[in-house]
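I have placed the structure first, in the form of structure tokens, so that the comments after it can refer back to it.
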Amino acid sequence: MRKAFIQLHTAVFLAGFTGVLGRLITLNEALLVWYRLLITVLALWVIYLLKRNGRQVSMAGMARITGVGVIVALHWVSFYASIKYANVSVALVCFSAIGFFTAILEPLITRKPFNRNEMLLGLLVIAGIYLIFHFDPQYKTGIIIGLISALLASLFTVCNRILVQRYKPETVTLYQLNGGFLFLTILLPFYLHFLPASHLLPTLSDAGWLLVLALFCTVWAFNLSMNALKKISAFTVNLTYNLEPVYGIGLAFLLFREDKFLSGSFYIGLFLIIMSVVLQTWLVYKNRKRA
-19 MRKAFIQLHT
-9 AVFLAGFTGV
1 LGRLITLNEA
11 LLVWYRLLIT
21 VLALWVIYLL
31 KRNGRQVSMA
41 GMARITGVGV
51 IVALHWVSFY
61 ASIKYANVSV
71 ALVCFSAIGF
81 FTAILEPLIT
91 RKPFNRNEML
101 LGLLVIAGIY
111 LIFHFDPQYK
121 TGIIIGLISA
131 LLASLFTVCN
141 RILVQRYKPE
151 TVTLYQLNGG
161 FLFLTILLPF
171 YLHFLPASHL
181 LPTLSDAGWL
191 LVLALFCTVW
201 AFNLSMNALK
211 KISAFTVNLT
221 YNLEPVYGIG
231 LAFLLFREDK
241 FLSGSFYIGL
251 FLIIMSVVLQ
261 TWLVYKNRKR
271 A
């Protein structure tokens, strides 16, 4: 269990950089995700061919895995769109709503009973987001897109928890992101038709940041979180990922001085979100001691 928590928190720390990288990379959100997936998929195939320890997956299993990959691609596009329409801090706070969405979706999908504590902690996060939304209406579009992104993130995390019980995490990651890449390749021309991009090719600095995003914040972080899901519930994983805004917002304040553009209500909302993480951690350890 301790190893799983270390893997999880390392993945969260790496994930904290993704929002900042989304701001640094000048590409349209759909192109950004397409290049991210391209580099990631190539890296995963190299690793897969070197190891050759993946288990054969049936066509039905592959369809399920790649279907979740479509959700991953849509989550990433909406997450970076939230950054473009608002800023890094707002997008990352909206991402924290995955705890609330998971408290609803996981029982519906896995048919386990609803957990009252999970629902209450999830509502605490929603209250924090509401404070930001209510007092900062200029970020309305970015917040709505960010909440859609959080819903999609919750859905694929719950689905992944089921998949990693049947297949190796490396196999799931490989086929999942391949599915996301193929889906986005088909979607991209239509997306760019309605939302044209200023440029299609990454600049030299964009290329460097994309490599960091794909190799460290995607390939490595993805495998760490998938391994953690073998031992830890999807809700606890998602609630721990609420620490991602703490890392990302801190970097956004430091690098982009976003603190100058945020009201006091933002900090109250952020405090409620951090409280939900602290309370969940306390409840997990309390339940473990009882067991």
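So the sequence shown is numbered by the numbering used here: it starts at -19 and just counts up by one.
For each residue, glycine too, the CB sits at the ideal point set by N, CA and C.
Practice problem: Find the nearest neighbour of Asn8 within the set Ala61, Gly47, Arg32, judged by alpha-carbon distance. | Solution: For Asn8, the nearest C-alpha among the options comes from Ala61.
Quiz item: For Gly(-4), which three-state DSSP category applies?
Solution: Gly(-4) falls in the coil class under three-state DSSP.
Quiz item: If you draw a straight line from the alpha carbon of Tyr221 to that of Pro182, how long is it in whole angstroms?
Solution: Spanning the alpha carbons of Tyr221 and Pro182 requires a straight line of approximately 29 Å.
Quiz prompt | For Thr20, the nearest candidate out of Ala208, Phe202, Phe174 (CA to CA) | solution = Of all alpha-carbon atoms in Ala208, Phe202, Phe174, the one lying nearest the alpha-carbon of Thr20 is that of Phe202.
Quiz prompt | Reduced DSSP category for Phe174 - H, G, I as helix; E, B as strand; rest coil | solution = DSSP, reduced to helix, strand and coil, places Phe174 within a helical segment of the structure shown.
Exercise. May I ask which residues mark the beginning and end of the alpha helix (DSSP H) holding Leu190?
Key: Membership of Leu190 in the alpha helix (DSSP H) is indicated by the continuous run 184 to 194.
Practice problem: Output the distance between the C-alpha atoms of Ala10 and Lys266, rounded to the nearest integer angstrom. | Solution: Rounded to the nearest angstrom, the two C-alpha atoms are 43 Å apart.
Practice problem: With DSSP collapsed to three states, give me the class of Met(-19). | Solution: For Met(-19), the secondary structure class from DSSP, reduced to helix, strand or coil, is coil.
Practice problem: Assign Ala133 to one of three DSSP states: helix, strand, or coil. | Solution: In this structure, Ala133 counts as helix in the three-state DSSP scheme.
Exercise. In the DSSP assignment, find the unbroken alpha helix (DSSP H) run with Tyr60 in it and report its ends.
Key: Its alpha helix (DSSP H) spans residues 39 to 65.
Self-check item: Selection from Gln118, Pro169, Ala214, Leu250 that minimises the alpha carbon distance to Ala(-16)
Solution: The shortest CA-to-CA distance from Ala(-16) to any of Gln118, Pro169, Ala214, Leu250 is the one to Ala214.
Quiz item: Thinking just about the alpha-carbon of each residue, which of Ala71, Ala66, Ile142, Lys211 is nearest to the one in Pro311?
Solution: In the structure as shown, the chain starts at -19 and stops at 271, and residue 311 therefore has no counterpart that could be examined.
Quiz item: Gln156 and Ile45 look like a contact to me (Cβ under 8 Å); what is the Cβ gap, rounded to whole Å?
Solution: At roughly 5 Å, the Cβ-Cβ gap stays under 8 Å, so Gln156 and Ile45 are in contact.
Quiz item: What three-state label does DSSP hand Phe320 in the structure shown?
Solution: As shown, the chain starts at -19 and ends at 271. That puts residue 320 outside it, with no answer to give.
Exercise. Would you decide whether Ala40 is buried or exposed? Buried here means 16 or more other CB atoms lie within 10 Å of its CB.
Key: The residue in question, Ala40, is exposed, as its Cβ has fewer than 16 Cβ neighbours within 10 Å.
Quiz prompt | Leu242 versus Phe174, Val68, Val192, Leu209, residue with shortest Cα-Cα distance | solution = Among Phe174, Val68, Val192, Leu209, the Cα nearest to that of Leu242 belongs to Val68.
Practice problem: Go ahead and label Leu154 buried or exposed: buried means 16 or more other beta carbons lie within 10 angstroms of its beta carbon, across all protein chains shown. | Solution: The residue in question, Leu154, is buried, as its Cβ has 16 or more Cβ neighbours within 10 Å.
Exercise. May I ask which residues mark the beginning and end of the alpha helix (DSSP H) holding Glu9?
Key: 9 to 31 is the span of the alpha helix (DSSP H), which, as asked, contains Glu9.
Quiz item: Using a Cβ-Cβ cut-off of 8 Å (strictly less than) and excluding sequence neighbours within five positions of Leu175, which residues of its own chain qualify?
Solution: Excluding its 5 nearest sequence neighbours in each direction, Leu175 has C-beta neighbours in its own chain below 8 Å: Asn8, Ala10, listed in chain order.
Practice problem: Could you spell out the range, first to last residue, of the alpha helix (DSSP H) harbouring Ser205? | Solution: First-last of the alpha helix (DSSP H) with Ser205: 201 to 208.
Exercise. Give the secondary structure of Ala282 by DSSP, where H, G and I count as helix, E and B as strand, and everything else as coil.
Key: Limits of the chain in this structure are -19 at one end and 271 at the other, which puts residue 282 out of reach.
Exercise. Measure the C-alpha to C-alpha separation of Lys120 and Leu54 and round it to an integer number of angstroms.
Key: Per the coordinates, the alpha-carbon of Lys120 lies some 20 Å from the alpha-carbon of Leu54.
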